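Undergrad: Here it is, the structure, as structure tokens.
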Ligand SMILES: Cc1cc2nc3c(=O)[nH]c(=O)nc-3n(C[C@H](O)[C@H](O)[C@H](O)COP(=O)(O)O)c2cc1C
Ligand code: SF4
Ligand code: FES
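Protein chains in written order, with the numbering used here: chain A, 455 to 642; chain B, 2 to 849; chain C, 1125 to 1556.
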């Protein structure tokens, strides 16, 4: 559990450079921290504060506003089942209940092997594909109970690792703005 | 039509008309409706809005209706700037329902523990509920629960169940104090105020959040359960913990001071107080207060309780027949204006000595700086540029720091800092120029030269890179070319371990520029009053010189000193040589405060030391006669803040034992010496000051009330007295040029300056603050730590150029420039300082 | 037969729709070249003439909004709202995943028109694939010279920065989006004074536009405003993407001509909803996202047009239609939406923070069988204290419309299905 490592400090500096003001990079930097450690550690928040020029309390204030940031470790796979209106009326609640049974944990908890954390999600923007869920923010749509079981079994068996990175990594493609292509900052 | 109305255009209308609840009135453009309405008597309920902070409009309590093209709209009065013809309803049914609704929402999760809440009885939420609130609660669900009060700092508790999330404390910490160490955490209904884990809200201003919390969510440890608001009796007064002069209300319960609250004085503190000023009330009831006169039968014997009569007789006989130049009077900055005047009259007018100094050899020559063109605190806000060459304002004059911060952050005033090390203001300064100790004058010359476009002679001047000086000079020139060109210099002694000469000289250089005005960064409470009223060598009451005022005082005072006397340094020096027989200490502690390691020897050589004080201190063992004085909160009178503003001090509680007001002690001692002053109250002395002291002519108790009055008055002083009043002191530019001591690779130059929770009698005597006193460390730049192969936290033996040694733990501090060492002022630092020397050089020896 | 023009979803079936080559091959970046040859003011005029209504929810005319920027204040910014989180809404994600270059080209055109030098693309945090596709597309567009320094040799520079959130519905509200982009808690600012056009990102003039809104720009520039207004209804021209979810046979995202298609067609047309599931009937439907008051049978023949929908007391919002058949438990449906708003309240305004949570607790009590008869009116009155008068358009005691949105499902369901509430309250113990 640590501060950002050297590679992530480099990435952090590049991200900070994308914005007119360093503090704008707070959320991207917290994502980096979560990608590194699986959750946002206190040390990382202190480090982010140093990098963007504010206090750790401000970083924590910002980060804790957002659902995706975790401040304690979670499973390798965060399974989020949508129960919002479109999914609810097509079996979202039942799917979540089934997931609890299959994984053997209550919503909000992590399996004892540390592999899965189950969450109830708000609308995921896949309403026409209800009921749906995400595993580490990768979609599974019109999910039947059998399909859910199969997905869990496959993840347990180490499948899908190409498509679904461990919790913390969201996008695997990073934007990089080549220095010779950056816009000059003078007024239009 | 008669008369050509040449140029008589219709005057431009500067106000506009608003109608609130059918009543039309004038308001100022840009003003918020909530403030305008309140001014004309319509109070719109509110929780989150605070007149000294940016509006957020989030509690929604202040909803009112404004007529618009699509009918009346519900809008928050706190975020609504008035506009011409605006029609507002604050009592319509819709408004009433909305406000009732908001109140109900705020109450559903608020515990109904008013009877045990510190805020009970003075709680806006409680008041609103009683005035406007719905009766029965319709909320049958369970309330939000949190772990009971958590300590968010050494001084403040937070009870999150009571919090209504108005953002006042969090806004204060970020916007006003600049210490965003508390924040909203989590979201929505789970939102709470909190610190970062294990990172407390250790702000010098933390007590303000307790005062502005509209409910009892934030409470002060020193006040918790101390009293119920309805038991409290209160008066307005002025804080004298430092020289800013913040307005306060002093509350007491059962003849004990229980709390200070800031009063919104627009010229000074805007309602804010620093924690030191807010919480040192505990010292008024300190168990070791001096309550009775005491004397020693002989040097070395113990102090014994005596009667006032015996103590006074002894003091008088010690003084009687002593030639004036063998008497010295030190201190006086803790006194009221009235007491300072009475003591000046006793010492100069009766004892005829001019060996009087209210400064503890840690200031600049009063004769010099009292004559500088003055600036006010308010001037900071409108200045084109501010130069700070003073001790750390955040540590020593916290509310002046807040005002300067506001000027820089909210009014975009360019602040330039010049000193031996970075300070609390460095973060708001546009340019920080950190010079080698003892070389301030060279740095100023270079800066002003750079501003005038003179190329700099060297790559490095006084330890500052020429590039930095050139950039700062260019910026200074540019800023002064903008706006009104007002240039305010805040000055003081940033380093007690060097002579004042370099700073004096720097001031003279700055004063040569006519538009420059000066604000003294005086640390001690009424130092300005004491100096203006004559407790300085060469100065007579009213900021006039001894030489110029003989005719004026001839008919007014019994006598006057024959010649200009000695300052603190010289008095102690003379004492050490057996040239002083009697010293009177007026609420001062030379052992702790005079930055010199030979003070004790000097005091020991004096025949009779008479100490007038409220609490014993490090110098008390040297006193032969100790006279107990009534302290803060126990005396009436006036005080003068660093800008020259005179405000009232009020007595709220009685002095312990037989302690008496300082002015009364002076009057009685004069009487024992055969001179009657003929005054029986502080008010009479105020009146005498108003008639006698040139810079205070026209002062009355009434003028000093409320926000007080800036002295000297520009008009209204009665001038029919003959002879004509003496001229105010004027700056005499110094011509001495201090030679810059040569840098030396083996030693470090010492910087010594006071910190907020350092050695101070009042802090030590206030239980809650005493816990915050920091251990004195030797602070070095991390690079120096490395260069000396030292270890952070380890003990280091420090040796000065004269061979004196002190051992302190080491702390790395990047704000200390390389080549210098910082030690907070106190007995340890005093051990190392050579008061006569230009700079103090030290060498380090590893762990002993 | 409903009119369906494929304007912004034209590449969705193409396997390489998200690549630069796939985009260029199908006419991509031609509009940019054309726009750059025009004066910025002329581009604004063209978009104004097209009457492109914002697709983010409020439906404000896009060109008019751009015109609000104070003419002499720079820098100014474009912020793309890709936070799509309104329950029922599903279109921006598709546009970002399947045709990122079309969006980027829209961003470029808008930035040129409003004279911005930096644009921020704020993508919802939970959309990993969209973020990856956008990042790749931006990297490719930079490399190809469409973004960055001296774009297509015109001397104009623009940086487009991809930023993604971290889970908070409220951040879709434009001022909260700006706060979030500044690195703060996503709590809305009060309008006025903080209209983004004058005091937006870093207190500079800022345009916030929805993904779908911007995705229309290449087509408009390529084909002209009059071609655009020729499609759909003159007052609501062009097409719109609707996410049709719930109890229809063919839930899906459909691009249809704006203002002409009716709800009935939407639900029943074989190429669209294909009828109510199990041959059932519509009990109620949400015409424009969770914030919108519900519609019923009697609204079925109304066109999907902001005019009549607004007049009837609801909105098309973000193009999210949720259909409830007769089997739906209306109390539970209302509760689920209220629960959403309670959970997503940013916590700034006391009526929203406390009120929505109170409402949710009352619902839970009713559903758990502990409801009291007076709770039904209490729900309405608490909602009334968040949205006075429970009217349309809503009034609010809050800063932003999130809190008042919670009133929509309550007033819709209580007014229409009070008996279902009463049944819960009278039955006691246990739901359904
Ligand atoms: C609570 C709330 C949530 C919103 N969420 C979104 C959203 O997810 N995406 C969006 O584009 N607009 C959203 N909006 C609307 C935006 O505030 C804004 O009107 C819109 O982005 C403007 O873009 P447009 O003019 O192109 O429609 C939301 C508004 C509110 C009040
Ligand atoms: S209405 Fe709710 S979401 Fe909107 S600003 Fe207020 S508290 Fe936040
Ligand atoms: S006082 Fe206006 S919203 Fe709080």
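A virtual CB, placed ideally from N, CA and C, is assigned to each residue, including glycine. Since the model is a prediction, treat every value here as computed from it, not as a measurement.
Report yes or no: is there a C-beta of chain C within less than 7 Å of the C-beta of residue 516 of chain A?
TA: yes
Undergrad: Ends of the beta strand (DSSP E) at residue 534 of chain A?
TA: 531-536
Undergrad: Taking 8 Å as the limit between beta carbons, can you name the residues of its chain near residue 528 of chain A, skipping five residues before and five after?
TA: 492, 493, 564, 571 and 621
Undergrad: Which residue spans inside the segment 1429-1490 of chain C form an unbroken beta strand (DSSP E) run of at least 3?
TA: 1444-1449
Undergrad: Measuring alpha carbon to alpha carbon, tell me which residue in C/1231, C/1523, C/1437 and C/1424 is nearest residue 1473 of chain C.
TA: Selected option, being the one with the closest Cα: C/1523.
Undergrad: Going by alpha carbons, who is nearest to residue 806 of chain B out of B/415, B/846, B/333 and B/840?
TA: B/846
Undergrad: Go ahead and pull the three-state DSSP assignment for residue 787 of chain B.
TA: helix
Undergrad: Quick one: which unbroken alpha helix (DSSP H) runs of 4-plus residues sit fully inside the segment 1143-1174 of chain C? Chain order, please.
TA: 1144-1149, 1154-1160 and 1164-1173, all fully within the segment 1143-1174 of chain C.
Undergrad: For residue 1476 of chain C, verify whether its CB is less than 6 Å away from any heavy atom of ligand 2.
TA: yes
Undergrad: Return helix, strand or coil for residue 247 of chain B, following the three-state DSSP convention.
TA: coil
Undergrad: Can you tell me whether residue 1470 of chain C sits near ligand 2, meaning its C-beta is under 6 Å from at least one heavy atom of the ligand?
TA: yes
Undergrad: What number of angstroms, rounded off, separates the C-alpha of residue 548 of chain B from the C-alpha of residue 565 of chain B?
TA: 8 Å
Undergrad: Counting Cβ pairs, one atom from each stretch, are 3 or more of them under 8 Å apart for the segment 387-395 of chain B and the segment 588-600 of chain B?
TA: no
Undergrad: Please check if any C-beta of chain A sits within less than 7 Å of the C-beta of residue 1147 of chain C.
TA: no
Undergrad: Kindly indicate if chain C contains any beta-carbon less than 7 Å away from that of residue 496 of chain A.
TA: no
Undergrad: Is the segment 362-378 of chain B in contact with the segment 578-589 of chain B, if contact means three or more CB pairs nearer than 8 Å?
TA: no
Undergrad: Residues near ligand 3, CB to any non-hydrogen atom under 6 Å, in chain order?
TA: Summarising the contact set, residues whose Cβ lies nearer than 6 Å to any heavy atom of ligand 3 are, in chain order, B/47, B/48, B/49, B/50, B/58, B/59, B/60, B/61, B/62, B/63, B/77 and B/79.
Undergrad: Looking at chain B, is there any beta carbon in it that lies within less than 7 Å of the beta carbon of residue 571 of chain A?
TA: no
Undergrad: Which whole-angstrom value is the C-beta distance of residue 532 of chain B and residue 371 of chain B, which I expect to be below 8 Å?
TA: Contact check for residue 532 of chain B and residue 371 of chain B: beta-carbon distance about 6 Å, within the 8 Å limit, so the pair qualifies.
Undergrad: What number of angstroms, rounded off, separates the C-alpha of residue 1133 of chain C from the C-alpha of residue 1434 of chain C?
TA: For residue 1133 of chain C and residue 1434 of chain C, the gap between their C-alpha atoms comes out near 26 Å.
Undergrad: Can you look up residue 730 of chain A in the DSSP assignment and give me helix, strand or coil?
TA: A query on residue 730 of chain A cannot be resolved here, the shown segment of chain A reaching from 455 to 642 and no further.
Undergrad: How would you list, in chain order, the residues of chain A whose beta-carbon sits under 7 Å from the beta-carbon of residue 1308 of chain C?
TA: Within chain A, the C-beta atoms nearer than 7 Å to that of residue 1308 of chain C come from 516, in chain order.
Undergrad: Can you tell me the Cα-Cα spacing of residue 613 of chain A and residue 619 of chain A, whole angstroms?
TA: 11 Å
Undergrad: With a cut-off of 8 Å, do at least 3 Cβ pairs link the segment 1333-1344 of chain C to the segment 1212-1222 of chain C?
TA: yes
Undergrad: According to DSSP, simplified to helix, strand and coil, what is residue 1520 of chain C?
TA: Looking at residue 1520 of chain C - three-state DSSP - the assignment turns out to be coil, as it is neither helix nor strand.
Undergrad: Strictly under 7 Å for the Cβ-Cβ distance: is residue 519 of chain A near chain B by that measure?
TA: yes
Undergrad: Could you tell me whether the Cβ atoms of residue 1282 of chain C and residue 637 of chain A are closer together than 7 Å?
TA: With respect to residue 637 of chain A, residue 1282 of chain C sits close: the two C-beta atoms are nearer than 7 Å.
Undergrad: Residues in the same chain with beta-carbon distance under 6 Å from residue 1332 of chain C, minus the five sequence neighbours each way, listed in chain order, please.
TA: 1203, 1205, 1298 and 1320
Undergrad: Could you please tell me which residues of the segment 1461-1473 of chain C, in chain order, have their CB closer than 8 Å to any CB of chain F?
TA: Although the question refers to chain F, the structure presented lacks it and instead comprises the protein chains A, B and C.
Undergrad: Suppose you measure from the CA of residue 1405 of chain C to the CA of residue 1210 of chain C; what does that come to, to the nearest Å?
TA: 25 Å
Undergrad: Measure the beta-carbon distance from residue 1156 of chain C to residue 1270 of chain C and round it to whole angstroms, keeping in mind my assumption that it falls under 8 Å.
TA: 7 Å
Undergrad: Mind pulling the chain A residues with CB within less than 8 Å of residue 1217 of chain C?
TA: 579 and 580
Undergrad: When you compare the CB positions of residue 1294 of chain C and residue 1468 of chain C, do they come within less than 7 Å of one another, or not?
TA: yes
Undergrad: At a threshold of 6 Å, does residue 1526 of chain C count as lining ligand 2 (C-beta to nearest heavy atom)?
TA: yes
Undergrad: Please report the distance separating the alpha-carbon of residue 28 of chain B from that of residue 267 of chain B.
TA: Residue 28 of chain B and residue 267 of chain B: Cα-Cα distance of roughly 19 Å.
Undergrad: Report the residues of the segment 181-193 of chain B with a CB closer than 8 Å to any CB of chain A, ordered along the chain.
TA: 181, 182, 183, 184, 185, 186, 187 and 188
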